[in-house]
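There are 2 protein chains.
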Amino acid sequence: MHKFMDPASVALIGTPRRTGAGAFNNAEMMLRYGFRGRIYPVNPAGGDILGMKIHPALADIPEPVDLAVISVGRDRVAAAFEDCIRAGIRRVIVISQGFADADERGRRLQDQLAARARESGVRVMGPNTLGVVNNFRRFNTAFIDIPFPERFLPVSLVAQTGVLQVASRNLSWHDIGKAIDVGNACDLDIADALDYLADDPETKVIVVHMEGLKRGPAFLESAGRASRLKPVIVIKTGRSAAGAKAALSHSGSLVGEDDVYDAAFERAGVLRVRTGGQMRDAIHALAVLGEMEGPRLGVVTATGAGGIMAADTAEEHGLVFGKMPADLREKLRAGLPDWVHVTNPIDIWPIGMLGGRYEEAFRLSLAEMLKSPGIDGVLAVFIVSGSPLHGDLDLEQAVDRARREAGNLKPIAAWPYLDSAASVERFERIPGVACFDSIEQAVEGLSYGYRYHRLRRRGTPRPRSFPVDRARAGGLAAKGRRKGILLGQDALELLGCYGIPAARGIEAGSLSALVRAARAMKPPFVLKLAGRAFLHKSEWGGIVTGIGTLAGLKAARKGIAENVRAKDPGLRIEAFHLQEQAAGREILLGLKRDPVFGHVLACGQGGVYTEVFRDVSRDLVPVDGAAARAMLESLKIWPLLMGVRGEKGADTEAIVGAIERLSFFASENPDVAELDINPVLASSEGCVAVDARILWQ
Amino acid sequence: MHKFMDPASVALIGTPRRTGAGAFNNAEMMLRYGFRGRIYPVNPAGGDILGMKIHPALADIPEPVDLAVISVGRDRVAAAFEDCIRAGIRRVIVISQGFADADERGRRLQDQLAARARESGVRVMGPNTLGVVNNFRRFNTAFIDIPFPERFLPVSLVAQTGVLQVASRNLSWHDIGKAIDVGNACDLDIADALDYLADDPETKVIVVHMEGLKRGPAFLESAGRASRLKPVIVIKTGRSAAGAKAALSHSGSLVGEDDVYDAAFERAGVLRVRTGGQMRDAIHALAVLGEMEGPRLGVVTATGAGGIMAADTAEEHGLVFGKMPADLREKLRAGLPDWVHVTNPIDIWPIGMLGGRYEEAFRLSLAEMLKSPGIDGVLAVFIVSGSPLHGDLDLEQAVDRARREAGNLKPIAAWPYLDSAASVERFERIPGVACFDSIEQAVEGLSYGYRYHRLRRRGTPRPRSFPVDRARAGGLAAKGRRKGILLGQDALELLGCYGIPAARGIEAGSLSALVRAARAMKPPFVLKLAGRAFLHKSEWGGIVTGIGTLAGLKAARKGIAENVRAKDPGLRIEAFHLQEQAAGREILLGLKRDPVFGHVLACGQGGVYTEVFRDVSRDLVPVDGAAARAMLESLKIWPLLMGVRGEKGADTEAIVGAIERLSFFASENPDVAELDINPVLASSEGCVAVDARILWQ
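Protein sequences appear in the order of chains A and B.
In this text, residue positions in the first sequence follow the working numbering: the first is 1, and each later residue adds one.
In this text, residue positions in the second sequence follow the working numbering: the first is 1, and each later residue adds one.
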């Protein structure tokens, strides 16, 4: 990857012979950008441009170049790539469009390219990419004339589009250092780019744009490693139904469920943002301010209204107001009327104006806030004015002195107003000060630092193993694989082999068999329709609860049979599912094999409200005990599970155990495509699965 | 109000004698701002400043001025105000702080000031205000040196703080025309400002900042009228618990529940935004683009990735992608390879580059989108470049021509990237084009136009009257007023007088009375503890359901009594509440008298989940049938009320009727402070109230 970003020599295959306005000549753009390596344009027509000889073929170039950039029509890419292999070139960027981003034929061409890359060991970036930008080396493979930025942050971008690198100055406060457009990612992908950037000393913050991933586990590993070394910000688009549809046709990405990406990003320790605006603020905050080591905010503001806005935003982003440092209040109050409030947020305007020492009060407040062990970061809101009448409102010295007095680098997020444009650069020269466009953005900026602080310190899952009744489990799984599905009692028994408790029950067709079974069971009973024909049993009138007697059982069986007959006289009932009736809160546990990330485990509110409130948390398998508990605690129904209004809570340890066992089941049964246990009834006595469904493939 | 904004002459009471750096001299600032009216500084010390005579007293001024601005210590404000009254001045701005924003004494001083204003008929703005800005007259009462903006939008701001007017250039893309800081609003308040701005021809868009309101009904009336004439944007801070606390100490506002403000804003037709960033974009969108007359978005983008971001944001903000205009696809495809996609969003880059007619394809797409009856507004995403190589990428002519060809003013929200800063002004010269900082902000900008379109066309509530059993209702209400509360059967009966159906029941203490009543009722029964001592009956073990026989009734009574004895042996049970057991989905109906807006009606999910999912909608009384239905339809449990999985739905007309009757009850009982009916059981047979609680005062 390194020589993709910093080649000594580059061959440009398919460079137009025309230069100047409208030519989109990448050799010309590379020169204009100031690249100091050797550039070899290649075009069968030969000739020369801009003082460079155009080589008719790769073979004519006097050295084996570090990197080739191909921009020819899609049908000529394969031949050009073979030329590169023959010429001993090890790295190729394919700019050309019309591959998996276009149609079936394009997808086949791309697959062939990827196969040749694997066979030859030549690494390919693209197709459908703008390539790379490395501002540390004035290197840019774009065919658009982008001005070289005089100033840029040590931030690197990996994207599935070139727009972000062209627009990087629109998407971060300052330009960024490096960008990699992986395009359709037929070979090199986001994970490869992350591996490079994680170890790159010129990169302090990584930003990832993605529409979807193919290699989920590779991403988890690369991003997981990178995020322990430096902040990794990700913007994943296509999160809405409409957006996912558009993503599919744009880069031909496999698009897993967006909620699953949330779980994956959490696991990988990367910080997700949702909009271009948030991305800009997150880049700025993490590159300039870095981490915030706790949630406690101090606010020094020239406007009381600003303190209120800060409070609203802090609450929404998981920050709280820290305590006023011990003697700061007394120091500020000296000489002021009684009625002046001095709390955090500190409204410095009346203090400064009435006391006639605005700058000193501001400096003192900021310094003490920074020094205080009870404050993790500071929001500073103040006027900056270019007016000759307001030299005394200028706080550059005050902020600088406060920073020195404090002797630490706790983050200061600022909203300078009135003449802010002129002042941002001055204030940002002070270490650990970043200016934002609004109070809310400044607070949100600090919250990114706190989120990263927690993500970097996250634990690694330590899943447990459990004893399994392997003989019985093997038989049931084989049956499931054969039929494609296990339902009801079969499914519950297979889960039982892994220690997931179920309500006692049997399946039988005849009344005599049901009665025989019932004699050995404890009433009240539930009788349900069984079998694939009746997936939505309640729609068939196929569930009777509270059966107390054998006569009741008989009546229930008859009633269900009549309900089915009324709906579809030709349908035969194969069997009924008789269970001891359980009680408790309805929860659901589930598994789904995501095409990108593998098994995803879900737990949430079960029963009829599942689809209404979507109170479900998800995590990637393996899930350990701590993660299982965190999943439960993040549910809105968590307080109900803990018990409300004098009611006993549910045995949450039992649910945690069931989740861990389900995760273990998933890791032992990689071919299970989908599994629902709904409901699990959770009470103070434990939890029991009441119905389940397992799908293979 | 008009002469507050456009006075011919102003007296400045308490103007410092010092001028220049650090003096905060408002006479000096007014001169520098370019005010062309007559300025009379007043200070007992006399002398002169900046060529103006300082008058020792108001009485020395040779004319009765249009406006006085008082900025003296809080204890001298009353005397200065009396001087104004004596001098025949009709309008006063009180800049001074230290009133309701400070302490109890300040609040008293403010009340006295308000009382004198009422008595004298002199109108007061403030205290604790920066006053007004009117850029159409170069008039600004701030004591801060704010540069006069050369260009500003016809947008006016009303705020409870001066920060927004000082920072207005930071909070909107361009400066704004007028600003009014009502401060503590002891006399003139937001409603007065809205009345003025609604009819002000120089105001096209109104922006309101508030921390809280005192006169809710006046605001509803003024904002309701204004919002039918022009867009009214509101940012209400203090929406979080922390923010509400801060607001209380900042401007001493009464702070009602934030959810109630949402209902009030909806009723008044004002468009709420939550952050400074949203405020900026909403101002810009509504001032430049105006309304969008439907939700159907067309997208023309130079980047496919941008189309995906647009799709995500559109879905979040209630916009959808419109259909491609009929023949546009064919026109664009001409001469292109088969594999180029042409759908909405239109990815213009491959079309333009491969076809060699980027500008033409863009113009054509934009024009046809604007002309199409299936598209209500367009998002345009394109590169702007200052490079001499890319004159052909410049779309100013294309956008301008498309606008002319379309012959309409449908909004165009643009995200120009690469060299956007230089280009915004050029593009915004084209009518109905606004540029935003990101794709998401551009789409959100369009959504404000669509939200305003719907708000402006909203209906007026037409509440119905219902027959009432007045004799019985009067007696029960008198009892409630006397005791402060009505519970259980009493409360249900009072509601029954207004036609709200309840489960049949009685309250009685003795077993014999209960049995006698039960004989006349239909089992199964429910028996519950009654009385004030047992507000949370379930915590006392005070509810038994499913009682089928008189023996069961006896056992239930005994069981409950034992539960109570076990918890508190000394407590006497006054009565039991015996009801016919009803079935259905649990919903809740409620009333709360908000200190600002009066009675607020709530409906939502009842029972144990109420506090977990907070699935509640609110509206201000009166609520008519259409509003009641909208409240129900906005609930997450609405699909459950409609019936799922073969289950019959609830009789929603019956619930709508109950809501209308409850609204009528509220309007007839203005002294009811709080009322809960929880649960109401809704089934296909209708709905019945099962428990209720009504509080007076």
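Yeah, the Cβ is synthetic: ideal placement off N, Cα and C, and Gly gets one too.
All values reported here derive from a predicted model rather than from experimental measurement.
Problem - Cβ shell of S372 (chain A) (< 6 angstroms), same chain only, five flanking positions each side left out - result: Taken in chain order, the residues that qualify are P325.
Handout entry: Extent of the continuous alpha helix (DSSP H) to which C84 (chain B) belongs
Key = Per DSSP, C84 (chain B) is one residue of the alpha helix (DSSP H) stretching across V77 to R86.
Problem - Counted within 10 angstroms of its Cβ, other Cβ atoms place E291 (chain A) as buried (16 or more) or exposed - result: When all chains shown are included, E291 (chain A) counts as buried.
Exercise for the section: Let me know the secondary structure DSSP gives P698 (chain A) once reduced to three states. Expected result: As shown, chain A starts at 1 and ends at 697. That puts residue 698 (chain A) outside it, with no answer to give.
Exercise for the section: Within 10 angstroms of the Cβ of R451 (chain B), are there 16 or more other Cβ atoms? Answer buried if so, exposed if not. Expected result: Classification of R451 (chain B): buried, given that the 10 Å Cβ count is 16 or more.
Handout entry: Whole beta strand (DSSP E) elements within the region 474-562 of chain A, 3-residue minimum
Key = Correct list: 485-487, 505-508, 525-529 and 543-547.
Problem - L254 (chain A) - DSSP class collapsed to helix/strand/coil - result: Residue placement at L254 (chain A) is flagged as unreliable, the pLDDT there being 41, under the threshold of 50; the coordinate-derived value follows with that caveat. Judged by DSSP in its simplified three-state form, L254 (chain A) adopts coil rather than helix or strand.
Handout entry: Test: H536 (chain B) CB closer than 7 angstroms to a CB of chain A
Key = Residue contact check for H536 (chain B) against chain A: a CB pair falls below 7 angstroms.
Handout entry: Minimum Cβ-Cβ distance from M309 (chain B) to chain A less than 7 angstroms
Key = Chain A contact via Cβ: present.
Exercise for the section: Could you say which of B:L113, B:P679, B:N669 and B:A602 lies nearest to R74 (chain B) if we only look at CA atoms? Expected result: Comparing Cα-Cα distances from R74 (chain B) to each of B:L113, B:P679, B:N669 and B:A602, the minimum goes to B:L113.
Problem - Exposure of P295 (chain B), with buried meaning 16 or more beta-carbon neighbours within 10 Å - result: Note on P295 (chain B): 16 or more other CB atoms within 10 angstroms of its CB, so buried under the neighbour-count rule.
Practice task
Going by DSSP, name the residue or residues bridged to A287 (chain B).
Solution key: A287 (chain B) pairs with nothing; no bridge assigned.
Practice task
List the residues of chain B whose Cβ lies closer than 8 angstroms to the Cβ of R239 (chain A), in chain order.
Solution key: Ordered by position in chain B, the residues that pass the 8 angstroms Cβ test against R239 (chain A) are D312.
Exercise for the section: Kindly provide the ranges of any beta strand (DSSP E) runs that are 3 or more residues long and lie completely inside the region 376-446 of chain A, ordered along the chain. Expected result: Within the region 376-446 of chain A, the complete beta strand (DSSP E) runs of at least 3 residues fall at 377-384, 412-418 and 433-435.
Handout entry: For I439 (chain B) and E722 (chain A), the rounded distance between their alpha carbons
Key = The requested residue 722 (chain A) is not part of the displayed model; chain A covers only 1 to 697.
Problem - Neighbouring residues, chain A, relative to S71 (chain B) (Cβ below 7 angstroms) - result: Within 7 angstroms Cβ-Cβ: nothing; S71 (chain B) doesn't reach chain A, min ~11 angstroms.
Exercise for the section: Go ahead and pull the three-state DSSP assignment for K3 (chain A). Expected result: Under the three-state reduction of DSSP, K3 (chain A) is assigned to helix.
Practice task
Please decide whether D376 (chain A) counts as near chain B, where near means a Cβ-Cβ distance under 7 angstroms.
Solution key: Closer than 7 angstroms: no.
Exercise for the section: Give a yes or no on contact between the region 144-159 of chain B and the region 386-393 of chain A, applying the rule of three or more CB pairs nearer than 8 angstroms. Expected result: A contact is defined here as three or more CB-CB pairs under 8 angstroms, and the region 144-159 of chain B meets this definition with respect to the region 386-393 of chain A.
Exercise for the section: Name the two residues that bound the continuous beta strand (DSSP E) containing V10 (chain B). Expected result: For V10 (chain B), the uninterrupted beta strand (DSSP E) run begins and ends at S9 to I13, by DSSP.
Practice task
For L389 (chain A), return the contacting residues in chain B, with the cut-off set at a CB-CB distance below 9 angstroms.
Solution key: By Cβ distance, chain B contributes T19, G20, A21, G22, A23, F24, N25, E28, M29, R32, I144 and D145.
Exercise for the section: Could you pull out every unbroken beta strand (DSSP E) segment of at least 3 residues lying fully inside the region 25-78 of chain B, listed in chain order? Expected result: Complete beta strand (DSSP E) runs here, min 3: 38-42 and 67-70.
Problem - Neighbour flag for V433 (chain B) against chain A, beta carbons, 7 angstroms - result: Not a single C-beta of chain A is nearer than 7 angstroms to the C-beta of V433 (chain B).
Practice task
Indicate the three-state DSSP secondary structure (helix, strand or coil) for A179 (chain A) in the structure shown.
Solution key: For A179 (chain A), the secondary structure class from DSSP, reduced to helix, strand or coil, is strand.
Exercise for the section: Output, in chain order, the set of chain B residues within a Cβ distance shorter than 7 angstroms of F613 (chain A). Expected result: Residues of chain B passing the Cβ test: F613 and K636.
Exercise for the section: Would you mind working out which of B:G552, B:R32 and B:E562 sits nearest G541 (chain B), comparing C-alpha positions? Expected result: Distance from the Cα of G541 (chain B) is smallest, within the candidate group B:G552, B:R32 and B:E562, for B:E562.
Handout entry: Beta-bridge partners of R618 (chain B), as assigned by DSSP
Key = B:A602.
Practice task
Check whether the Cβ atoms of L418 (chain B) and V166 (chain A) sit closer than 7 angstroms, and answer yes or no.
Solution key: A contact, by the Cβ cut-off of 7 angstroms.
Exercise for the section: Count the C-beta pairs between the region 587-597 of chain A and the region 607-616 of chain B that are closer than 8 angstroms, then say yes if the count reaches three, no if not. Expected result: Verdict: no, contact absent.
Practice task
Give the interface partners of F81 (chain A) over in chain B, defined as CB-CB distance under 7 angstroms, in chain order.
Solution key: F81 (chain A) does not reach chain B, its nearest Cβ partner there being about 19 angstroms away, counting only Cβ pairs nearer than 7 angstroms.
Practice task
Kindly list, in the order they appear in chain A, the residues whose Cβ is closer than 9 angstroms to that of A102 (chain B).
Solution key: P337, D338, W339, V340, H341 and P350, listed in chain order.
Practice task
Starting from the C-beta of A502 (chain B), find all residues in its chain whose C-beta is less than 7 angstroms away, skip the five residues before and the five after it, and write them out in chain order.
Solution key: For A502 (chain B), where only same-chain residues beyond five positions count, the Cβ hits under 7 angstroms are L492, L495, G496, V688 and A689.
Practice task
Please look up how many angstroms separate the CB atoms of F436 (chain B) and A398 (chain B), rounded, as I've assumed it's under 8 angstroms.
Solution key: Contact doesn't hold; Cβ gap of about 19 angstroms is too wide.
Practice task
Buried or exposed for G252 (chain A), please, with buried defined as at least 16 other CB atoms from any protein chain shown within 10 angstroms of its CB.
Solution key: Residue placement at G252 (chain A) is flagged as unreliable, the pLDDT there being 44, under the threshold of 50; a coordinate-derived value is accordingly withheld.
Exercise for the section: May I ask which residues mark the beginning and end of the alpha helix (DSSP H) holding A198 (chain A)? Expected result: Bounds of the alpha helix (DSSP H) holding A198 (chain A) are I190 to A198.
Practice task
Output yes if chain E places a C-beta closer than 7 angstroms to the C-beta of Q581 (chain A); else output no.
Solution key: Absence of chain E from the displayed structure is noted, the protein chains being A and B.
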